[in-house]
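> Dumping the structure here so I can ask a few things about it.
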Amino acid sequence: MTKKLLTVLSVLLLSAHLHAQPKLSENIVVITMDGLRWQEVFGGADSLLSFDTAAAYSTGYIGEKFWAPGADARREKLMPFFWSTLRKQGVLLGNRNYGNNFNNANPYWFSYPGYNEIFTGYPDTAVNSNDKIPNKNETVFEFLNKLPEYKGKTVVFGSWDVYASIFNEGRSGLLVNDGFRDLGGKLNEKQVWLNRLQYEMPAIFHGGERLDVATFQIGFEYMKVNKPKLIYFGLGDCDEFAHAGVYDAYLDAAQNFDDWIRQLWEYIQSTPAYRDKTTILITTDHGRGLAEGGNWKHHGQRIPEASEMWMAAIGPSVKPVGEAKTKQQAYQGQIAATIAALLGKQFTPAHKPLPVLKLD
Ligand SMILES: [Zn+2]
């Protein structure tokens, strides 16, 4: 055997060894923004929508705050944390300009089927409405919450009042704080104030959905006080503002989302209970249509592009590949098994979930 071949073999063995022992996480944070398009994540403010002279929103505001010539500069303006820290230390999937595709596997392309797919790992065609039907399928959070290390340390905070059904609160016993709902238990002064504040904000979505700032702050304060091991933030402002056709507010919501993830990451990396052992997974429940013909406002089966999505991750279990540019097809349904795998567990629900996504 030549010396060169030996060197090649030892390098191969070393990399095989490293891959055999991916660094596990002890905590997982999942954060989703309902209906935030991959087009904005990877390209910033859309050029057609930013200069639409017939728009019912302020293109002047968009021009000042979000516009720059060139998609790279625009995405950095819109989501500065994604395109600095997360790009350097994490991974971003779903830039279709490189053939890196991330999609819904379910055929519906709206919210409950999407969240069901993310958290149960199975694109169940029986989950086909947004009605408040307690989910028959087990989520990976429900599964993990049965294990001693996660029992009572698995929590869900959501803006939309359907999360209690998606996570089957009654059966799973998870702490779910969604819609307009007080956080219970022993509370500090800030938590009492946040409980009240959610009702004093404008209820602009005219239903059971509060503004994301209430959801995020209630969840973030709970995280600081209680140190849960599995935490989900389900946010929704982007979807609501897109349906309402207000692109300026949609962009603002995307930027707030980016900054909340920065705050979460900085908190995680400065807190011993979380530092270097917590991975954040970030995604959406579905895509939306193109700017042309106003289809960006809509999603669902009628809109051909509405299954096009994205996903990002940062943490010790994630290889820092940055913006993924390899041809690949991945699905949101792979996230459930991946959450368990990152913790060194295997998720085996009644319906076999889609395979683990390789992030290490
Ligand atoms: Zn949705």
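Under the numbering used here, residues 732 to 1091 are what the sequence shown spells out, in order. We put the beta carbon where it would ideally sit given N, CA and C, even for glycine. Just so we're clear, the structure is a prediction, and the values are computed from it rather than from any experiment.
Taking only three categories from DSSP, how would you classify residue 978?
Residue state, collapsed to three classes: helix.
> Here's the rule: buried if 16 or more other CB atoms are within 10 angstroms of the residue's CB, otherwise exposed. What is residue 1082?
The residue is exposed, with fewer than 16 neighbouring Cβ atoms inside 10 Å.
> Are there three or more Cβ pairs, one per stretch, closer than 8 Å when the region 904 to 914 is compared with the region 974 to 991?
No: the two stretches stay apart, fewer than three of their Cβ pairs being nearer than 8 Å.
> Smallest Cα separation from residue 941: which of 922, 892 and 920?
Checking every option, the nearest Cα to that of residue 941 belongs to 892.
> Is residue 1085 buried or exposed, if buried means 16 or more other CB atoms sit within 10 Å of its CB?
It counts as buried.
> Quick check on the DSSP output: the beta strand (DSSP E) that includes residue 929 runs from which residue to which?
Where residue 929 is concerned, there is no enclosing beta strand (DSSP E), although the alpha helix (DSSP H) it sits in stretches over 920 to 931.
> Quick one: is the Cβ of residue 1075 within less than 7 Å of any heavy atom of ligand 1?
No, the beta carbon of residue 1075 sits no closer than 7 Å to any heavy atom of ligand 1.
> Say yes only if the C-beta of residue 842 is nearer than 7 Å to one or more non-hydrogen atoms of ligand 1, and no if none qualify.
Residue 842 Cβ: within cutoff of ligand 1.
> Got a sec? Which residues, its chain only, sit under 6 Å from residue 869 by beta carbon, not counting five neighbours each side?
Contacts found: 1080.
> Given 8 Å as the limit, is there contact between the region 789 to 807 and the region 1035 to 1050, that is, 3 or more CB pairs closer than that?
Short answer: they don't touch.
> Would the beta-carbon of residue 998 fall within 8 Å of that of residue 761?
Cβ atoms of residue 998 and residue 761: not closer than 8 Å.
> Using only alpha-carbon positions, find the residue among 1073, 971 and 899 that is nearest to residue 934.
For the residues 1073, 971 and 899, the minimum Cα distance to residue 934 belongs to 971.
> Could you tell me if residue 1028 is buried or exposed, where buried requires 16 or more neighbouring beta carbons within 10 angstroms of its beta carbon?
Looking at its Cβ environment, which holds 16 or more other Cβ atoms inside 10 Å, residue 1028 is buried.
> Are there 16 or more other CB atoms within 10 angstroms of the CB of residue 848, so buried, or fewer, so exposed?
Flag for residue 848 reads buried.
> For residue 1011, write down the residues that DSSP places opposite it in a beta bridge.
Its beta-bridge partners are 760 and 1045.
> Can you tell me where the alpha helix (DSSP H) holding residue 790 begins and where it ends?
Its alpha helix (DSSP H) spans residues 790 to 796.
> Taking residue 890 as the reference, give the member of 858, 957, 763 and 825 with the closest Cα.
Measuring from the Cα of residue 890, the nearest candidate turns out to be 763.
> My output table needs one value for residue 748: the three-state DSSP class, helix, strand or coil.
The predicted model places residue 748 with a pLDDT of 40, which falls under 50 and marks its position as unreliable; any figure quoted below should be read in that light. Looking at residue 748 - three-state DSSP - the assignment turns out to be helix.
> If residue 768 sits next to residue 927, beta carbons under 8 Å apart, how far is it from one beta carbon to the other, in whole angstroms?
About 34 Å; that fails the 8 Å criterion.
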